[in-house]
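Student:
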Amino acid sequence: MARPMTMAEKILAAHAGLDEVVPGQLVECDLDLVLANDITAPIAIKTVREIGAGVFDKDRICLVPDHYSPNKDIKSAEQTKVTRDFAHEHNITNYFEQGCMGIEHALLPEQGVVVPGDLMIGADSHTCTYGGIGAFSTGVGSTDAGVGMATGRAWFKVPETIRFVIDGELPEGASAKDIILHIIGMIGVDGALYCAMEFAGSTIEALSVEGRLTIANMAIEAGGKAGLFEVDEKCREYVERRAKRPIREFHPDADAQYKQVIHIDAADIVPCVSWPHLPSNTHPVTESREIKIDQAVIGSCTNGRIEDMRAAAEVLRGRVVDPNVRCIVIPATQGVWLQCVHEGLMDVFINAHCVVSTPTCGPCLGGYMGILAAGEKCVSSTNRNFVGRMGDPTSEVYLASPAVCAASAVVGHIALPSDLD
11 MARPMTMAEK
21 ILAAHAGLDE
31 VVPGQLVECD
41 LDLVLANDIT
51 APIAIKTVRE
61 IGAGVFDKDR
71 ICLVPDHYSP
81 NKDIKSAEQT
91 KVTRDFAHEH
101 NITNYFEQGC
111 MGIEHALLPE
121 QGVVVPGDLM
131 IGADSHTCTY
141 GGIGAFSTGV
151 GSTDAGVGMA
161 TGRAWFKVPE
171 TIRFVIDGEL
181 PEGASAKDII
191 LHIIGMIGVD
201 GALYCAMEFA
211 GSTIEALSVE
221 GRLTIANMAI
231 EAGGKAGLFE
241 VDEKCREYVE
251 RRAKRPIREF
261 HPDADAQYKQ
271 VIHIDAADIV
281 PCVSWPHLPS
291 NTHPVTESRE
301 IKIDQAVIGS
311 CTNGRIEDMR
321 AAAEVLRGRV
331 VDPNVRCIVI
341 PATQGVWLQC
351 VHEGLMDVFI
361 NAHCVVSTPT
371 CGPCLGGYMG
381 ILAAGEKCVS
391 STNRNFVGRM
401 GDPTSEVYLA
411 SPAVCAASAV
421 VGHIALPSDL
431 D
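If you want my numbering, it's the 1-based position in the sequence shown plus 10.
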């Protein structure tokens, strides 16, 4: 009889063809998906060509040009061309050309390419997002991604798991983004180093799937190898109308062994902001109102889904962005962009004097569409605020929820939506 296991252990065991695994064990696993983008794919492609074996399965490789797409300069155009040519050469099913694309970690769940129970690697650190729908997904280097594309296999060291049990009702104005910022502020940017983060409790059950994807997305900001949520009825409803393949559910055993179990009262989670230059440098919004901003960014693979667009639009409706602030709204996928049009959210954004972009990672990584000048401050719904992350090394990025970003854009300093009443 197999030992009691966590979600991460069960998924890895299943893909390694083993009855059980233990933390620290090295296992070689079959992969369901391998992901790369316009920055990381060219290096992975070079590795595939060096191996000389082609791709293991044209349906199990995802190539998404999203970081500098539409291309911002000649160099980014060349990188995308390498990716595009490789996709056409190998008839890659899940190559998302401009016009059909989106920010990768929002696009793949939306399109049903990744499903519960999958084991996937991606040449991007925020690949951990897909744990929001019960997949074990983690970021790897481009070379490892290339080997995965060629062989369909990868090795893993089975991680220990930290279980976060969050119960109760969130205070008014608090969101999924505040949950993960609260946790990162509590344990630090290395508090879950090479651990799977498993989320449970009544607060988690009440979250939408989009909210769970937001939390899983930032597991890496606590050093996590993966962020995992159990599949429940909400998840099944979200997935079943999208899934391209059958789903598999892996639930943790009641007596699974965890490195640590952390209980959190949802009442203690308030709207917060991560000050520069670490996601763990969290402060309540109520203690951040003196911080004037030059820019607000609403979007990214963390908070660019339709739920996030609605939250921002609710704050901006009937209001205008402060004339000294640039507010940039980036729907994460073409599907979200179109839904914004159908729901009238684009009218709200334009009337509020926001810039609305095509889907792109854009300013999140200091790419384009909103780079900061020396000394400028930005409040952003993105996931990282390292030195120089969004522009000049003397600029500053403050991480917050879409609603807080929208409210801050209106008043010109970090603020709560309730401050506008």
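Built from N, CA and C at the ideal position, the CB exists for glycine as well.
Report the option in 408, 342, 278, 421 whose CA atom is closest to the CA atom of residue 332.
Tutor: To locate residue 332, count along the sequence shown from 1; it is residue 322. Closest option to residue 332, Cα to Cα, is 421.
Student: Taking DSSP as the reference, what is the three-state secondary structure of residue 427?
Tutor: Position 417 of the sequence shown, counting from 1, holds the residue named residue 427. In this structure, residue 427 counts as helix in the three-state DSSP scheme.
Student: From 168, 144, 163, pick the residue whose C-alpha is nearest to that of residue 223; which is it?
Tutor: The sequence position of residue 223 within the sequence shown is 213, counting from 1. Among 168, 144, 163, the Cα nearest to that of residue 223 belongs to 144.
Student: What is the rounded straight-line gap between the Cα of residue 251 and the Cα of residue 242?
Tutor: Taking the first residue of the sequence shown as 1, we reach residue 251 at position 241. Taking the first residue of the sequence shown as 1, we reach residue 242 at position 232. One C-alpha to the other measures close to 15 Å.
Student: In chain order, what residues of the same chain lie with their CB nearer than 7 Å to the CB of residue 255, ignoring the 5 residues before and after it?
Tutor: Here residue 255 refers to the residue found at position 245 when the sequence shown is read from its first residue. Taken in chain order, the residues that qualify are 125.
Student: The alpha helix (DSSP H) that contains residue 195, what's its start and end?
Tutor: Walking along the sequence shown from the start, residue 195 turns up at place 185. Taken as a continuous stretch (DSSP letters only), the alpha helix (DSSP H) holding residue 195 covers 186-197.
Student: Less than 8 Å between the beta carbons of residue 73 and residue 57, yes or no?
Tutor: By one-based count along the sequence shown, residue 73 stands at place 63. By one-based count along the sequence shown, residue 57 stands at place 47. Going by C-beta atoms, residue 73 is not nearer than 8 Å to residue 57.
Student: Measuring straight from C-alpha to C-alpha, what distance separates residue 98 and residue 321?
Tutor: If you number the sequence shown from 1, residue 98 lands on position 88. If you number the sequence shown from 1, residue 321 lands on position 311. Rounded to whole angstroms, residue 98 to residue 321 spans 39 Å at the Cα level.
Student: Please report how far the alpha carbon of residue 275 lies from the alpha carbon of residue 296, in whole angstroms.
Tutor: Taking the first residue of the sequence shown as 1, we reach residue 275 at position 265. Taking the first residue of the sequence shown as 1, we reach residue 296 at position 286. Their Cα atoms are separated by approximately 20 Å.
Student: Is DSSP giving residue 25 helix, strand or coil here?
Tutor: Your numbering for residue 25 matches position 15 in the sequence shown. In this structure, residue 25 counts as helix in the three-state DSSP scheme.
Student: For residue 355, which residues in the same chain have their Cβ closer than 6 Å to its Cβ, ignoring the five residues on either side in sequence?
Tutor: For the purposes of this step, residue 355 is taken as the residue at position 345 of the sequence shown. So the qualifying residues of the chain are 319, 323.
Student: Assign residue 400 to one of three DSSP states: helix, strand, or coil.
Tutor: Here residue 400 is taken as the residue at index 390 of the sequence shown, counted from 1. Coil.
Student: Below 8 Å, can you find three or more Cβ-Cβ pairs linking the stretch 186-201 to the stretch 231-248?
Tutor: Contact between the stretch 186-201 and the stretch 231-248 is present, because at least three Cβ pairs lie under 8 Å.
Student: In whole angstroms, what separates the C-alpha of residue 61 from that of residue 128?
Tutor: Numbered from its first residue, the sequence shown carries residue 61 at position 51. Numbered from its first residue, the sequence shown carries residue 128 at position 118. Taking the straight line from one Cα to the other gives about 25 Å.
Student: Identify every run of the beta strand (DSSP E) within the stretch 47-77, keeping only runs that are complete inside it and at least 3 residues long; order them along the chain.
Tutor: The stretch 47-77 contains these whole beta strand (DSSP E) runs: 71-74.
Student: Which same chain residues, not among the five before or five after residue 142, have their C-beta less than 6 Å away from its C-beta?
Tutor: Stepping through the sequence shown from its first residue, residue 142 is reached at position 132. Cβ neighbours of residue 142 beyond the five flanking positions: 222, 223, 226, 239.
Student: Just checking my contact of residue 291 with residue 411 at CB under 8 Å: how many whole Å lie between their CB atoms?
Tutor: Here the question's residue 291 lines up with position 281 in the sequence shown. Here the question's residue 411 lines up with position 401 in the sequence shown. With a Cβ gap of about 16 Å, residue 291 and residue 411 do not count as contacting.
Student: Quick check on DSSP: helix, strand or coil for residue 108?
Tutor: Position 98 of the sequence shown, counted from the first residue, corresponds to residue 108. Three-state DSSP puts residue 108 in coil, outside helix and strand.
Student: Quick one: measure Cβ to Cβ for residue 351 and residue 360, integer angstroms, because I've assumed they're closer than 8 Å.
Tutor: Here the question's residue 351 lines up with position 341 in the sequence shown. Here the question's residue 360 lines up with position 350 in the sequence shown. Their Cβ separation, rounded to whole angstroms, is 11 Å, which puts residue 351 and residue 360 out of contact at 8 Å.
Student: Let me know the secondary structure DSSP gives residue 156 once reduced to three states.
Tutor: Start at 1 with the first residue of the sequence shown, and residue 156 comes out as number 146. Three-state DSSP puts residue 156 in a helix.
Student: Report the option in 37, 363, 55 whose CA atom is closest to the CA atom of residue 153.
Tutor: Sequence index remark: in the sequence shown, residue 153 carries index 143 (1-based). Of the candidates 37, 363, 55, the one whose C-alpha sits nearest the C-alpha of residue 153 is 55.
Student: Between the beta-carbon of residue 133 and the beta-carbon of residue 151, is there less than 8 Å?
Tutor: Along the sequence shown, read from residue 1 onward, the residue named residue 133 stands at position 123. Along the sequence shown, read from residue 1 onward, the residue named residue 151 stands at position 141. Against a cut-off of 8 Å, the Cβ pair of residue 151 and residue 133 comes out as a contact.
Student: Using 8 Å as the Cβ pair cut-off and three pairs as the minimum, do the stretch 275-286 and the stretch 28-48 touch?
Tutor: No, the stretch 275-286 does not touch the stretch 28-48.
Student: Would the beta-carbon of residue 388 fall within 8 Å of that of residue 303?
Tutor: Within the sequence shown, the letter at position 378 stands for residue 388. Within the sequence shown, the letter at position 293 stands for residue 303. Result yes, Cβ atoms of residue 388 and residue 303 sit closer than 8 Å.
Student: Taking C-beta to C-beta, are residue 335 and residue 419 nearer than 8 Å?
Tutor: As a position in the sequence shown, residue 335 is number 325, starting the count at 1. As a position in the sequence shown, residue 419 is number 409, starting the count at 1. Against a cut-off of 8 Å, the Cβ pair of residue 419 and residue 335 comes out as a contact.
Student: Taking the alpha helix (DSSP H) that residue 130 falls in, what are its first and last residues?
Tutor: Counting from one through the sequence shown, the residue named residue 130 turns up at place 120. Per DSSP, residue 130 belongs to no alpha helix (DSSP H); it is in the beta strand (DSSP E), 129-132.
Student: Going along the chain, which residues of its own chain have a beta-carbon closer than 7 Å to the beta-carbon of residue 428, five neighbours each way excluded?
Tutor: As a first step, residue 428 must be located in the sequence shown, where it is residue number 418. The residues are 183.
Student: With which residues is residue 336 paired in a DSSP beta bridge?
Tutor: The residue given as residue 336 occupies position 326 in the sequence shown. Per DSSP, 305.
Student: Locate the alpha helix (DSSP H) running through residue 248, then write down its first and last residues.
Tutor: Translated into the one-based positions of the sequence shown, residue 248 becomes position 238. Run containing residue 248: 243-250, per the alpha helix (DSSP H) assignment.
Student: Assign residue 347 to buried or exposed, taking buried as 16 or more other Cβ atoms, counted over all protein chains shown, within 10 Å of its Cβ.
Tutor: Translated into positions along the sequence shown, residue 347 becomes position 337. Buried: at least 16 other Cβ atoms inside 10 Å.
Student: Output the boundary residues of the alpha helix (DSSP H) element that contains residue 121.
Tutor: For this step, residue 121 is matched to residue 111 along the sequence shown. Run containing residue 121: 114-121, per the alpha helix (DSSP H) assignment.
Student: Is DSSP giving residue 293 helix, strand or coil here?
Tutor: The residue labelled residue 293 in the question sits at position 283 within the sequence shown. Here residue 293 sits in strand by DSSP.
Student: Can residue 75 and residue 108 be called in contact, C-beta distance under 8 Å?
Tutor: Here residue 75 refers to the residue found at position 65 of the sequence shown. Here residue 108 refers to the residue found at position 98 of the sequence shown. The answer is yes: Cβ separation under 8 Å.
Student: Are there 16 or more other CB atoms within 10 angstroms of the CB of residue 337, so buried, or fewer, so exposed?
Tutor: Looking up residue 337 in the sequence shown gives position 327. Under this definition residue 337 is a buried residue.
Student: With a cut-off of 8 Å on the beta carbons, I'd call residue 432 and residue 400 a contact; round off their distance for me.
Tutor: Only positions 11 to 431 of the chain appear in this structure, which leaves residue 432 out of reach.
Student: If we count the other Cβ atoms within 10 Å of its Cβ and call it buried at 16 or more, is residue 260 buried or exposed?
Tutor: Start at 1 with the first residue of the sequence shown, and residue 260 comes out as number 250. Buried, by the Cβ-count rule.
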